[in-house]
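In the order they appear, the protein sequences are chains H and B.
UniProt numbering puts the first residue of the first sequence at 1, with every later residue one more than the last.
UniProt numbering puts the first residue of the second sequence at 1, with every later residue one more than the last.
Taking it in order: structure first as structure tokens, then the write-up.
Protein chains: 2
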Amino acid sequence: MSPTPEQRRTARRQFGAVPADAGLRRGPSRGAKKPITVDLILDTAFDIVAREGFEALTMRRVATALETGPSSLYAHVVNKEDLDELLIGRLCAEIDLPEPDPAAWREQIISVCGRLREQYLRFPGISRAALASAPTNTDTLRVGEGMFAILLAGGIEPQTAAWAVDALNLYVTAHSLEVSLVGGDGWVAGRDELMSRLTGLPDSFPNTRRYAAELTSGSTADRFTFTLNLMLDGLNRP
Amino acid sequence: MSPTPEQRRTARRQFGAVPADAGLRRGPSRGAKKPITVDLILDTAFDIVAREGFEALTMRRVATALETGPSSLYAHVVNKEDLDELLIGRLCAEIDLPEPDPAAWREQIISVCGRLREQYLRFPGISRAALASAPTNTDTLRVGEGMFAILLAGGIEPQTAAWAVDALNLYVTAHSLEVSLVGGDGWVAGRDELMSRLTGLPDSFPNTRRYAAELTSGSTADRFTFTLNLMLDGLNRP
DNA sequence: GGTCAATACGAACGCTGTTCTTAGTGAAAC
DNA sequence: GTTTCACTAAGAACAGCGTTCGTATTGACC
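Now the structure itself:
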């Protein structure tokens, strides 16, 4: 008996390795069309997100891209939620983790977080799925383990490191989501407008008005590394 | 001419004060039903979110709670997005900001962030709207100004303080959203299960397995103040 | 009293995720 | 070689969503 999507999902939650079913196909092969597989679904899903954003990723959209009906997907995927989780999994799987170097733990953490951000931004809005996704996913846990190892090698106490990993992960995800929502370069384009709006505020906003330049300065990447450094600075000052 | 919802929205984005139209009513008053106003809509919306979560907040749900059709709302509100923004606005308006005290800037920041978290968690999932909402909302900017003032009084450099306000706001929102999604006390209930899942991981997760206790320890509030302190520690070490 | 602008609201459109049902296929069993 | 069977593919449909259109109803103003 080959596994139902539900079984695959619970298996995924526990081990991460999947029986795979390799080329074994049963069912109609209408014409020369490629058979639908989970990997094929994920490929087209990533393609859609990269092109049109995560909001445009619907079951129907994926189905029509595969030249089929929506119901055909439910033989391979439990849910939209399940699809999202699979996407995040594969996205995290492409993050390569360095061998922990006690002397360079700071740079290593920043590098991993930066790579994570990069991946999230390549697929605009997908970080929303990362926020909702259960943290028990194996691939998600893998990058967690990687960051954890780096912090431990850096001499951070286990309890502190454990919570820091969560905090860093959460911040990276939230930052990426915010950047995706605002629209990336749309931020830079609307900076002048934002500035004038801040300076045009009532008198009850003295600091916001005076430091409008500081408030609107910097690229999203600048702000990202700033906050990362903020947290890392807080880590080694016991 | 009384303003259309669009006009109210743009007015709101710029000033925040609204002409109000006070009891002036034109239109059918079927029976003794209360006339629909923006405030009434917001009241019932908050009620729904508090009871059933942000996911359950739909236009139709609000309309039926008001014993009317969905289209009746669009005379007072531009969008669902606009409704969300209004909710966040009113939520932020209930945050009272302390007079900046240079000696207690740390405690003051933590207090404001804690109050913000409290408000977000009272209405589960509403922080999602805060993430999407444009940061040009007057009420949102008000608490930004408040936190900014506290940091400046604490001697933080303007540029650093400006970016820190954004980082803190983003973290508070993301944390609240995560807590809402996981389900609050559901976290505590599933801790044992999570622990056993972590310890049951493959050998490629040595640190996660060894420190599973540390990883799953602490309440959400503990982790919240931990991360806040992390960022604040990073602030005053130039 | 008549005019007009603003509100209220039923009906409908296009979209979503999901399920039910039916048709079709290859591998295995006899 | 035929039959059985587990599985996939896919059409049709359902409930629910945000939103718009058209229309009826009302109060204030001339």
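Glycine included, C-beta positions come from ideal geometry on N, C-alpha and C.
Nearest-angstrom Cβ-Cβ length linking residue i and residue j, presumed shorter than 8 Å
| i | j | result |
| --- | --- | --- |
| THR208 (chain H) | LEU141 (chain B) | 6 Å |
| GLY234 (chain B) | ASN229 (chain H) | 7 Å |
| ILE95 (chain H) | VAL143 (chain H) | 5 Å |
| ILE150 (chain H) | PRO100 (chain H) | 5 Å |
| GLY154 (chain H) | LEU97 (chain H) | Between LEU97 (chain H) and GLY154 (chain H) the Cβ distance is about 14 Å, and since that is not below 8 Å, they are no contact. |
| VAL62 (chain H) | THR44 (chain H) | 6 Å |
| VAL49 (chain H) | PHE123 (chain H) | 4 Å |
| ARG128 (chain H) | LEU177 (chain H) | 6 Å |
| ASP166 (chain B) | ARG223 (chain H) | 7 Å |
| ALA212 (chain B) | MET195 (chain B) | 5 Å |
| GLU214 (chain H) | ALA162 (chain B) | 4 Å |
| ALA134 (chain B) | ASP84 (chain B) | Not quite, the Cβ-Cβ distance comes to about 11 Å (not below 8 Å), so this is no contact. |
| GLU55 (chain B) | GLY125 (chain B) | 6 Å |
| ASP139 (chain B) | CYS92 (chain B) | 4 Å |
DSSP three-state assignment for residue i, whether helix, strand or coil
| i | result |
| --- | --- |
| ALA134 (chain H) | coil |
| LEU201 (chain B) | coil |
| PHE123 (chain H) | coil |
| GLY94 (chain H) | Reading off the sequence, residue 94 (chain H) comes out as Glu, not Gly. Reduced to three states, the DSSP call for GLU94 (chain H) is coil. |
| TYR171 (chain B) | helix |
| TYR211 (chain H) | coil |
| LEU57 (chain B) | coil |
| LEU230 (chain B) | helix |
| THR44 (chain B) | helix |
| THR225 (chain B) | helix |
| PRO70 (chain B) | helix |
| GLY190 (chain B) | coil |
| PRO158 (chain H) | helix |
| SER196 (chain H) | helix |
| ILE36 (chain H) | coil |
| VAL77 (chain B) | coil |
| GLY183 (chain B) | coil |
| GLU145 (chain H) | helix |
| ASP84 (chain B) | helix |
| ASP101 (chain H) | coil |
| GLY114 (chain B) | helix |
| SER176 (chain H) | helix |
Test: residue i CB closer than 9 Å to a CB of chain H
| i | result |
| --- | --- |
| residue 240 (chain B) | Lying outside 1 to 238, the shown extent of chain B, residue 240 (chain B) is not represented and no answer is given. |
| LEU57 (chain B) | no |
| ALA75 (chain B) | no |
| VAL188 (chain B) | no |
| LEU152 (chain B) | yes |
| THR37 (chain B) | no |
| LEU83 (chain B) | no |
| residue 251 (chain B) | Residue 251 (chain B) falls outside the range modelled here, since chain B spans only 1 to 238, and no answer is possible. |
Neighbour flag for residue i against chain B, beta carbons, 9 Å
| i | result |
| --- | --- |
| ASP233 (chain H) | yes |
| residue 268 (chain H) | The structure shown does not extend to residue 268 (chain H), since chain H is modelled only from 1 through 238, so no value can be given for it. |
| ARG197 (chain H) | yes |
| ASP166 (chain H) | yes |
| LEU181 (chain H) | yes |
| LEU86 (chain H) | no |
Residue i CB to nearest heavy atom of the ligand HEM below 8 Å
| i | result |
| --- | --- |
| ASP84 (chain B) | Of ligands this structure carries none, so the ligand HEM is not represented either. |
query = Of all the residues that make up the region 99 to 129 of chain H, which are near chain B by a beta-carbon distance shorter than 8 Å?
reply = Per Cβ criterion, the list is empty.
task = Please name the residues in the region 130 to 145 of chain H whose beta-carbon is closer than 9 Å to at least one beta-carbon of chain B, in chain order.
result = Across the region 130 to 145 of chain H, CB contacts with chain B closer than 9 Å involve LEU131, ALA132, ALA134, PRO135, THR136, THR138, LEU141, ARG142, GLY144 and GLU145, in sequence order along the chain.
query = Any residues in the region 217 to 232 of chain H with a beta carbon nearer than 9 Å to a beta carbon of chain B? Which ones, in chain order?
reply = Residues SER217, GLY218, ASP222, ARG223, PHE226, THR227, ASN229, LEU230, MET231 and LEU232.
query = Going along the region 39 to 71 of chain B in order, which residues come within less than 8 Å of chain H, judged by CB to CB distance?
reply = Those residues of the region 39 to 71 of chain B that come within reach of chain H (Cβ to Cβ, closer than 8 Å) do not exist; the list is empty.
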